[in-house]
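**Student:** To start, I am sharing the structure in question, which I have written as structure tokens.
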Amino acid sequence: MSVVLRGLQSAQWTQIWARLAAAFAIGASFNLAFAPFGWWPLAILAPAALIALIRGLPPRRAAGAGMAFGVGLLAFGTYWLYTCLHVFGLVPVWLTLVLQALLIAWMALYFSAFCYLANRFWLKPGSIRDWLVLPALWVLLEWLRGWLLSGFPWLSTGYALIDSPLSGWAPIFGVYAVTWSAAVISVAINVTFMPGVPVSRRCLAFAVAVMLFAFPGLLARHAWTQATGAPLAIAAVQGAVPQDQKWQVKNRELTMQRYLRLTDDAWGSRLIIWPEAALPALAPNIQDYLMNLHEQGRAHDADFAIGLVNYLPETKQYFNGILVLNKPGNGWYYKRHLVPFGEYFPVPAFVRAWLRLMSLPYDDFTAGGSHQALLSAAGQKLGLTICYEDAFGSQQLKVLREAAVLINVTNDAWFGDSTARHQHLQIARMRALEAGRFLIRAANDGITAAIDPRGKVVAQLPQFQEGVLHTDVQPMMGLTPYARVGNYPVVLGALSLLAIAVWRRRGG
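Here the sequence shown is numbered in the numbering used here, starting from 323 and rising by one per residue.
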């Protein structure tokens, strides 16, 4: 008898480990849906496979499968953090691996929670679980992941679908509406192929999927924003300074002269953009350089938007900023959403003391105010963001009431030659589509690009090469539905559906 029991237990554990391995592989394959691969159907098929995998499982085992799925997605999707932290950030290998493991585990908990909650309270298959609970839970947890504890919206489902028909939902209700539509189609696939489902339900599921793909195409015919004024000639400068050489004292003058030389090729444009922290110096230390640049701009009828680090001696504050040089006067935009452990260290005093002891960089940037005045250049109001800020679309909605052109400066050299820079461009494309405006991004070594109001890249420079991107941009005014209402319809809609599901469950 004991031999039989041991055999059953062994077979059971084999099944458990096989399920975890399958979940991990499904999560890892999800990465292929994102740039640079762009196999967007996997953004629907991977969640569909996870839903099929946890069907009928006890809640804890379902949670384990969700955790394995999340680890597979995040481990392969954020491998470039090693380059950021250790190769360029000089964080010790062991600490880099600890920080990466903590981030992956924390983000994977959202997928674990999805599987646990679905199987803890709505284990029985049926319309409530399929059509109400699963899509609403998926989108709510993804939205929560995007802002809780500073947020990490990287690898959100909707971004992978920027080149799919579902992207048409973005200007209406934002990236999370794209996510929701994908989750509903994932459910429809499960219903269609689930054993024992009546033909009528299979046909209904198929019809829902077709409608979700077709409806955005009809809405895309409507122009939510309108052209205002004449096209604007813009030049984005890509200095291509290697990250490990940029801040070396011996290279400082060479870098500053490089940007002046590249700017000579940009004259004739009304607005010239330099990338994030383009110059390896603090603004107060190069006032003569900036003054001469401003005078050259006036002589050539050109304004500047320059990524630059500013330092205020009176308050001893560092700001990651954009300095706008124009004829009426100069102005600063300071980055509002800072990167934890990159631009500030949310750690107690004793950890800071240890960082000083280990000669590790630890100075914090100060976040810019949430209500900064819009800056103008070349006669147009600019919606400015720096690097990772463009991943937080809802924080940029206020500026769209006035801004006619969107500008993002970034330094993706921190990522090395990895998938991260392609995924960052994908995020920027979603922001342009949501806003119905052109977005110009200037990157230190790529990907410098111009994106049209439909989220399509209309021009870009090769990576890792210095150059100047010339493009004509049409300023736009007006508001998309998403710019008016933000994420509220999606979040409140998902909460309402979950409330209905809870009410139906309590009522038997």
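For glycine and all other residues, C-beta sits at the position ideal for the given N, C-alpha and C.
Does the distance from the C-beta atom of Ser591 to that of Ala557 stay below 7 Å?
**Tutor:** With respect to the 7 Å criterion, Ser591 and Ala557 are classified as neighbours on the basis of their beta carbons.
**Student:** Quick one: complete beta strand (DSSP E) runs, 3+ long, within the segment 522 to 554?
**Tutor:** none
**Student:** With distances taken between CB atoms, is the gap from Ile507 to Ala531 smaller than 7 Å?
**Tutor:** yes
**Student:** Hey, would you say Asn730 sits closer than 7 Å to Ala599, going by beta carbons?
**Tutor:** no
**Student:** Measuring only the C-alpha atoms, how far is Thr400 from Ala350?
**Tutor:** 11 Å
**Student:** In whole angstroms, give me the CA-to-CA distance for Val790 and Val413.
**Tutor:** 33 Å
**Student:** Buried or exposed, going by whether 16 or more other CB atoms sit within 10 Å of the CB of Ala333?
**Tutor:** exposed
**Student:** Please state if the CB of Ala430 and the CB of Gly468 are separated by a distance shorter than 7 Å.
**Tutor:** Result no, Cβ atoms of Gly468 and Ala430 do not sit closer than 7 Å.
**Student:** Given a cut-off of 7 Å on the beta-carbon distance, is the pair Val727 and Leu704 in contact?
**Tutor:** Their beta carbons are under 7 Å apart, which means Val727 touches Leu704 by this criterion.
**Student:** Buried or exposed: where does His746 fall if 16 or more other Cβ atoms within 10 Å of its Cβ makes it buried?
**Tutor:** His746 is buried by the Cβ-count criterion.
**Student:** Mind checking who Lys703 pairs with in its DSSP beta bridge?
**Tutor:** DSSP lists Ser698 as partners of Lys703.
**Student:** To test your reading of the DSSP string, which unbroken beta strand (DSSP E) runs of 3 or more residues are found completely within the segment 584 to 647?
**Tutor:** 593 to 596, 625 to 634, 639 to 647
**Student:** Secondary structure at Ile484, three-state DSSP: helix, strand or coil?
**Tutor:** coil
**Student:** Between Arg382, Gly651, Gly448, which has its C-alpha nearest Gly510's C-alpha?
**Tutor:** Checking the sequence shown, residue 510 turns out to be Ala, not Gly. Measuring from the Cα of Ala510, the nearest candidate turns out to be Gly448.
**Student:** Which of the three DSSP states is assigned to Met560 in this structure?
**Tutor:** Going by the sequence as given, residue 560 is Gln instead of Met. Residue state, collapsed to three classes: strand.
**Student:** Should the segment 807 to 818 be regarded as contacting the segment 553 to 572, the criterion being three or more beta carbon pairs within less than 8 Å?
**Tutor:** no
**Student:** Quick check on this structure: which residue in Pro803, Ile366, Val455, Pro475 has the alpha carbon closest to the alpha carbon of Phe495?
**Tutor:** Pro803
**Student:** Do we get a CB-CB distance below 7 Å when we pair Ile450 with the residues of chain C?
**Tutor:** Considering every chain present, this structure includes no chain C. It has just one protein chain.
**Student:** If we ignore side chains and look at the alpha-carbon of each, how far apart do Leu820 and Arg442 end up?
**Tutor:** 14 Å
**Student:** Going by CA-CA distance only, name the one from Ala397, Leu612, Leu541, Leu554 that's closest to His281.
**Tutor:** An answer regarding residue 281 cannot be provided, because it is not within the stretch 323 to 830 covered by the chain.
**Student:** Please report the distance separating the alpha-carbon of Met752 from that of Leu722.
**Tutor:** Whole-angstrom Cα-Cα distance: 15 Å.
**Student:** Cα-Cα, which of Ile373, Ala588, Ile484, Trp465 is closest to Glu788?
**Tutor:** When each option's Cα is compared against that of Glu788, the closest is Ala588.
**Student:** Between Leu719 and Arg806, what straight-line distance do the alpha-carbon atoms span, to the nearest angstrom?
**Tutor:** Going by the C-alpha atoms only, they are around 8 Å apart.
**Student:** Figure out for me which residue from Asn632, Glu464, Ala542 has the closest Cα to the Cα of Leu601.
**Tutor:** Asn632
**Student:** I'd like the list of long-range same chain contacts for Ile822, defined as Cβ closer than 7 Å, with 5 residues on each side in sequence excluded.
**Tutor:** Leu454
**Student:** Give the DSSP-derived three-state secondary structure of Ile348 in the structure shown.
**Tutor:** Helix, per DSSP.
**Student:** What are the residues that DSSP puts in a beta bridge with Gly653?
**Tutor:** Val646
**Student:** Does the structure place the segment 342 to 362 close enough to the segment 408 to 428 that three or more beta carbon pairs sit under 8 Å?
**Tutor:** No, they do not touch.
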